[in-house]
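Here's the structure, in structure tokens; my notes come after.
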Amino acid sequence: MPAKGEANHAAGAAEAAARRSYGKLIAFLAARTRDVAGAEDALSEAFAAALTDWPVHGVPQNPDAWLFTVARRKMVDAARRRRLGEDAAGYLQWLAELASDEDGEPVIPDERLGLMFACAHPAIERSVRAPLMLQAVLGFDAATIASAFLTAPGTMGQRLVRAKSKIRDANIRLGLPDQTMLAERLDTVLEAIYAAYSEGWADPEGSDARRRNLADEAIWLGRLVASLLPDDAEALGLLALMLHTHARRAARRGDDGAYVALSDQDVRLWDLVMIDEAEELLSHASRGGKLGRYQLEAAVQSAHAVRRRGGQSDWAAIVQLYDALCQLTDSPVAMLNRAVAIAETQGAAIGLAALDALAGDARLSEYQPYWAARAELLTRNGSAEAAAEAYRRAIGLERDPAVRHFLQQRAGTVGG
1 MPAKGEANHA AGAAEAAARR SYGKLIAFLA ARTRDVAGAE DALSEAFAAA LTDWPVHGVP
61 QNPDAWLFTV ARRKMVDAAR RRRLGEDAAG YLQWLAELAS DEDGEPVIPD ERLGLMFACA
121 HPAIERSVRA PLMLQAVLGF DAATIASAFL TAPGTMGQRL VRAKSKIRDA NIRLGLPDQT
181 MLAERLDTVL EAIYAAYSEG WADPEGSDAR RRNLADEAIW LGRLVASLLP DDAEALGLLA
241 LMLHTHARRA ARRGDDGAYV ALSDQDVRLW DLVMIDEAEE LLSHASRGGK LGRYQLEAAV
301 QSAHAVRRRG GQSDWAAIVQ LYDALCQLTD SPVAMLNRAV AIAETQGAAI GLAALDALAG
361 DARLSEYQPY WAARAELLTR NGSAEAAAEA YRRAIGLERD PAVRHFLQQR AGTVGG
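Residue numbers for the sequence shown follow UniProt numbering, so the first one is 1 and each next one is one higher.
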């Protein structure tokens with residue numbers, strides 16, 4: 001029986017491999033078979049085998065290659081068991097290709113981006129394309145995806161299973177489409193990357209193993225898309241948005257883990273190199289002649305980033321940017337943020353009037369930032385009792401303990 005320390009070391013190595021290469025392994029395993037679910041099952045078995053083998057024989061020098069080899073054999077065994085009814089010629093060709101890979105240590109090319117565009121195929125139901133990318137490429141579990149998309153876990157699980165079956169049954173190629181189709185599917189790909197980043201950003205301390213440093217991985221995928229489409233303004237805009245946001249990661253929590261609002265952050269903790277890269281990307285995007293959501297949102301973050309020089313966000317510019325976002329997207333969140341920016345430029349009363357115009361939007365009724373913003377503006381406007389009630393709503397909706405404590409402290413300063 002392996003020692004506890006060896007077992008822990010093996011488990012840590014397996015977790016690191018999952019963080020680093022889950023999507024890369026799935027993409028390459030499924031590239032030939034188009035069987036995403038089969039690749040996931042085989043890789044899961046390979047990780048289980050690693051937790052048994054590595055504590056005894058040691059962590060291999062190349063864990064990814066070890067996992068790939070075991071998973072590939074699992075897929076071959078599964079294919080042999082169900083080969084009746086399949087096209088024999090295609091099956092034999094696939095086995096021959098796998099056998100030719102057995103010589104030496106396998107080299108695993110990175111086909112994650114190709115898998116993402118396959119998940120955005122028109123044959124896949126639109127509502128499940130982004131969730132499918134999050135699971136197949138980034139390794140999200142169905143429960144996490146369901147939470148992000150406000151869907152019951154069982155329902156989301158069924159949708160994902162159907163989508164993977166569609167890829168296999170419709171013989172959808174797992175690779176990059178031609179340039180025309182690539183552009184058509186780009187919006188869905190960018191949406192999935194940003195959803196992944198948002199999930200990782202929601203776990204600032206990296207304590208949720210399910211999220212597995214997703215913010216960093218989403219930025220990596222954003223870089224990959226931007227390198228593939230170096231002149232696409234929205235691909236550049238999304239990468240700029242994530243970098244601007246990520247540059248503040250060290251400042252959003254205090255030494256004791258307390259939440260720090262953007263307006264209170266120590267700009268000396270911001271990553272200026274990352275901000276400069278984001279600014280360069282945004283400048284490049286602006287020369288593309290096509291304005292989109294991600295560029296506008298990145299520009300908002302850029303207007304906040306001027307604090308590092310002048311000590312104050314450019315609120316006038318932020319109002320104008322949210323005006324454009326509201327026209328482009330009709331997003332209630334953009335409208336909410338516009339109201340907050342108006343309060344900064346024209347006063348709390350006018351900002352509250354803009355919030356009141358959104359009061360009937362059901363999409364905001366259970367949205368914590370709406371109630372927190374309302375509470376703040378009511379406090380500034382001297383409406384203590386209404387502010388206290390709004391804070392109670394915001395606190396009840398917040399899941400992050402640090403943010404909830406921050407709201408409780410703010411509420412404690414309000415009378416009524």
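Backbone N, C-alpha and C fix where the C-beta goes; we use that ideal spot for every residue, glycine too.
Can you grab the Cα-Cα spacing for the pair residue i / residue j, in whole Å?
i	j	result
A88	I167	Low confidence applies here, because A88 scores a pLDDT of 49, under 50, leaving its location unreliable; read the following figure in that light. So the alpha carbons of these two residues sit roughly 20 Å apart.
A305	S313	7 Å
Y391	A411	6 Å
Y197	D216	8 Å
L113	H246	22 Å
L291	I124	28 Å
G396	L355	20 Å
P63	E111	18 Å
F117	A324	29 Å
I318	L182	32 Å
S331	V403	24 Å
A353	G360	13 Å
residue 434	V128	Any answer about residue 434 is impossible in this case: the structure gives the chain only from 1 up to 416.
V389	H244	The question names Val, but residue 389 in the sequence shown is Glu. Straight-line Cα distance between these residues: approximately 34 Å.
W270	R308	8 Å
L407	A152	28 Å
V273	R162	43 Å
R80	N171	19 Å
D187	T180	13 Å
T379	Q409	13 Å
S21	A13	12 Å
Taking residue i and residue j to be in contact with their CB atoms under 8 Å, please state how far apart those CB atoms are, rounded to whole angstroms.
i	j	result
A372	V414	Wrong, their Cβ atoms sit about 12 Å apart, outside the cutoff.
A37	L174	So it is not a contact: roughly 13 Å between Cβ atoms.
I108	F68	6 Å
A348	L328	Contact flag wrong, Cβ pair sits at about 27 Å.
G139	G58	Between G58 and G139 the Cβ distance is about 25 Å, and since that is not below 8 Å, they are no contact.
A78	L29	Actually they are not in contact, since the Cβ atoms of A78 and L29 sit about 11 Å apart, beyond 8 Å.
Looking at residue j and residue i, is the spacing between their C-beta atoms short of 9 Å?
i	j	result
L296	L321	yes
A195	L134	yes
D393	A375	For the record, residue 393 in the displayed sequence is Arg; it is not Asp. Yes, these two residues count as a Cβ contact at 9 Å.
G288	L236	yes
A258	A278	no
V191	L214	Correcting the residue type first, residue 191 is Glu in the shown sequence and not Val. In this structure, L214 does not lie closer than 9 Å to E191 by Cβ.
D232	V225	yes
A357	A339	yes
Out of the options, point me to the one whose CA is closest to residue i's CA.
i	options	result
D141	R159, D266, R126	R159
R19	V56, R252, V137	V137
A50	T33, E376, H9	H9
E15	A39, R34, L43, F28	L43
L241	I275, D266, D264	I275
L262	V56, M156, A303, H284	A303
S165	E344, A39, S21, R399	A39
R248	L239, D231, V340, D266	D266
G311	R252, V76, R268	R268
A48	D255, A17, R185	A17
I219	I193, L229, L228	I193
S365	N381, R380, V333	V333
Y370	G351, S383, N381	G351
Y294	S227, A120, E234	E234
Per DSSP, what kind of secondary structure is residue i in: helix, strand or coil?
i	result
Y22	helix
R287	coil
R253	strand
Y259	strand
V306	coil
T413	coil
W201	helix
I395	helix
T151	coil
N8	helix
R73	helix
E297	helix
F140	coil
If we cut at 9 Å on Cβ distances, does residue i have a partner in chain B?
i	result
R404	This model lacks chain B altogether; it includes just one protein chain.
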